[in-house]
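This report concerns only the one structure given below.
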Amino acid sequence: MARDGAVYACTSCGAVQTRWAGQCPACGAWNTLVEELTSRPPGALKPTKATRTRHLAFEGLDETTEAPPRIATGVGEWDRVCGGGVVPGSAILVGGDPGVGKSTLLLQVAAEAARRGQRCAYISGEEAIEQVRGRAQRMGLADAPVKLAAETSLRAILDGLKAEPFDLVVIDSIQTMWSDNHEAAPGSVTQVRAAAGELTRLAKKRGISIIMVGHVTKEGAIAGPRVVEHMVDAVFAFEGERGYPFRILRGAKNRFGATDEIGVFEMGDAGLSEVKNPSALFLNTSGERAAGAAVFAGIEGSRPVLVEIQALVAPSAYGTPRRAVVGWDSGRLAMILAVLEARCGLGFGDKDVYLNVAGGLRISEPAADLAAAAALASSAFDVALPQDCVVFGEISLSGEVRPVSRMDSRLKEAAKLGFRRALGPADLENPALPYARASRLGDAIQRIHDAGWDERS
Ligand code: TYD
Ligand code: MG
Numbered sequence: 116m117a118r119d120g121a122v123y124a125c126t127s128c129g130a131v132q133t134r135w136a137g138q139c140p141a142c143g144a145w146n147t148l149v150e151e152l153t154s155r156p157p158g159a160l161k162p163t164k165a166t167r168t169r170h171l172a173f174e175g176l177d178e179t180t181e182a183p184p185r186i187a188t189g190v191g192e193w194d195r196v197c198g199g200g201v202v203p204g205s206a207i208l209v210g211g212d213p214g215v216g217k218s219t220l221l222l223q224v225a226a227e228a229a230r231r232g233q234r235c236a237y238i239s240g241e242e243a244i245e246q247v248r249g250r251a252q253r254m255g256l257a258d259a260p261v262k263l264a265a266e267t268s269l270r271a272i273l274d275g276l277k278a279e280p281f282d283l284v285v286i287d288s289i290q291t292m293w294s295d296n297h298e299a300a301p302g303s304v305t306q307v308r309a310a311a312g313e314l315t316r317l318a319k320k321r322g323i324s325i326i327m328v329g330h331v332t333k334e335g336a337i338a339g340p341r342v343v344e345h346m347v348d349a350v351f352a353f354e355g356e357r358g359y360p361f362r363i364l365r366g367a368k369n370r371f372g373a374t375d376e377i378g379v380f381e382m383g384d385a386g387l388s389e390v391k392n393p394s395a396l397f398l399n400t401s402g403e404r405a406a407g408a409a410v411f412a413g414i415e416g417s418r419p420v421l422v423e424i425q426a427l428v429a430p431s432a433y434g435t436p437r438r439a440v441v442g443w444d445s446g447r448l449a450m451i452l453a454v455l456e457a458r459c460g461l462g463f464g465d466k467d468v469y470l471n472v473a474g475g476l477r478i479s480e481p482a483a484d485l486a487a488a489a490a491l492a493s494s495a496f497d498v499a500l501p502q503d504c505v506v507f508g509e510i511s512l513s514g515e516v517r518p519v520s521r522m523d524s525r526l527k528e529a530a531k532l533g534f535r536r537a538l539g540p541a542d543l544e545n546p547a548l549p550y551a552r553a554s555r556l557g558d559a560i561q562r563i564h565d566a567g568w569d570e571r572s
């Protein structure tokens, strides 16, 4: 039974219900409805006189709009993901697992922007000022004129930002902010939504760029940043694998730029450093390439990235063979194994199969299909691919190798890194490298089996 004034908000999609249910009726997620104490449903709009009498002024698509000005923060990889710098008056949400390095990144962004003359503030609701200052010193940023504050009261923050002019403000984190207009606990859907809403409004009104940190929690106990995604102008995910130093900033939504852009960083003792050439980070160019390894010429965002895909095919000790993937989709592995079996007669039914993307990168491009298949075949035949060969191409269920986007850029990057040949889809004119064409998966597998790398098509 719903108590008076109690509503139930979904921590996954943010939909508000008047009754509790095990499954959210809006998004279908289970066990995500949590009670929110509030006197009125958040976001309920009351029509005012002004909204009833105002007229709409229509404009045409052909009228000129000036490109938004940008603040170049000096952290090049950050600016790249923003679309060329932060747009004044925009609200940006940076999500990521606890400990991935969000505070480190944003302190660096604020400090570098401040060094370039922007008026920057860093407001932490999680750490004391001494902690933030200590970290800045370790990172060599102590001289940057960033204004620090430790505060969780939304009212105090809004008043402070109205009293003094700022260009860029970091709020770390949105889950710790708390508005006294709402009874709900900090971190609840109501509070997170209220804080993000108020801060976004302030950003628009005053032309301040506000960057908010949001923790993503798997348990759903704390409202995830997903409930505020629609309010803000841009949502970036900061990702990294445990045990690997690299971090990737990925655009998930961006009203002022492309969303497929990534920024690559390396976490070190003195904070994050920018990685201008990601391939060098993910690829071991020295030493022999063993059987079961294939170098995939991929595209991440707008940049080509080379990465090694490793496969191990071993006799299975148990009745049900094992399939394990790291950094790749297990459904896609199953599909490739099925195509190899059905179209090329290469069976894995009694074999354990392990597939690993080296360096801890996660690949979601279908263009990696052929490289994965090549790695699997190479391991199954125990024949190593040539050391200086890159592979790319999408595989269809019928066993065709399909062309993929930006094949030229992939080959050029490979050539730049010293690769001397490539294996890929047949439809490619004037390849930048000696190029082995495979219109069907069978052709590619045959080449690997026979170590036949001459340039027949
Ligand atoms: P942090 O920015 O606090 O993460 P988040 O705000 O996303 O929770 O970063 C925490 C991790 O980063 C911590 O495990 C230590 C590591 N780190 C470094 O390796 N080098 C550094 O210079 C800094 C500041 C942090
Ligand atoms: Mg933090």
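If you're matching positions, the sequence shown starts at 116 in the working numbering and goes up one per residue. Ideal Cβ positions, reconstructed from N, Cα and C, are used throughout, including at glycine.
Spatial neighbours of cysteine 235 in its own chain (CB-CB distance under 6 Å, excluding positions within 5 residues in sequence) are listed in chain order as Ala225, Ala228, Ala229, Val261, Leu283. In the DSSP assignment, leucine 387 is bridged to Met382.
In the DSSP assignment, valine 247 falls within the unbroken alpha helix (DSSP H) covering 244–253. Comparing alpha carbon positions, the residue from Phe371, Glu381, Ala373, Arg270 closest to phenylalanine 353 is Glu381. Contact check for leucine 476 and valine 422: beta-carbon distance about 5 Å, within the 8 Å limit, so the pair qualifies.
With respect to the C-alpha of alanine 409, the residue from Glu245, Val472, Glu313 having the closest C-alpha is Val472. Taking the Cα positions, glutamate 480 is about 14 Å away from methionine 450. Taking all protein chains shown into account, glycine 232 has fewer than 16 neighbouring C-beta atoms within 10 Å of its C-beta and is therefore exposed. For glycine 514, same chain residues with a beta-carbon under 6 Å away, outside a window of 5 residues either side, are Val454, Arg458, Arg555, Leu556 in chain order.
Secondary structure note for methionine 327: it is in no alpha helix (DSSP H), and the uninterrupted beta strand (DSSP E) holding it is 324–330.
For alanine 412, the uninterrupted beta strand (DSSP E) segment begins and ends at 408–415. By the beta-carbon neighbour count (other beta carbons within 10 angstroms, threshold 16), threonine 147 is buried. Listed in chain order, the alpha helix (DSSP H) runs fully inside the stretch 428–481 are 445–459, counting runs of at least 4 residues.
DSSP, read as helix, strand or coil, puts aspartate 542 in coil.
Across the structure, arginine 195 and arginine 536 are spaced so that their CA atoms are roughly 31 Å apart. Glycine 210 and phenylalanine 351 have their C-alpha atoms roughly 6 Å apart. DSSP places glutamate 354 in no alpha helix (DSSP H) but in the uninterrupted beta strand (DSSP E) bounded by 349–355.
Closest in C-alpha terms to valine 347, from the list Val519, Met327, Gly355, Ala426, comes Met327. Annotation: isoleucine 289 is outside any alpha helix (DSSP H) and is labelled neither H nor E by DSSP. With fewer than 16 other Cβ atoms inside 10 Å of its own Cβ, isoleucine 244 counts as exposed. For valine 224, there is no enclosing beta strand (DSSP E); the enclosing alpha helix (DSSP H) covers residues 217–230. A distance below 8 Å between beta-carbons, with the five flanking residues on each side excluded, links leucine 532 to the following residues of its chain, in chain order: Ser394, Ala395, Leu398, Thr400, Leu421.
The residue among Asp558, Gly508, Leu491, Gly474 with its C-alpha nearest the C-alpha of phenylalanine 361 is Gly474. In the three-state DSSP reduction, alanine 265 falls in the strand class (E or B).
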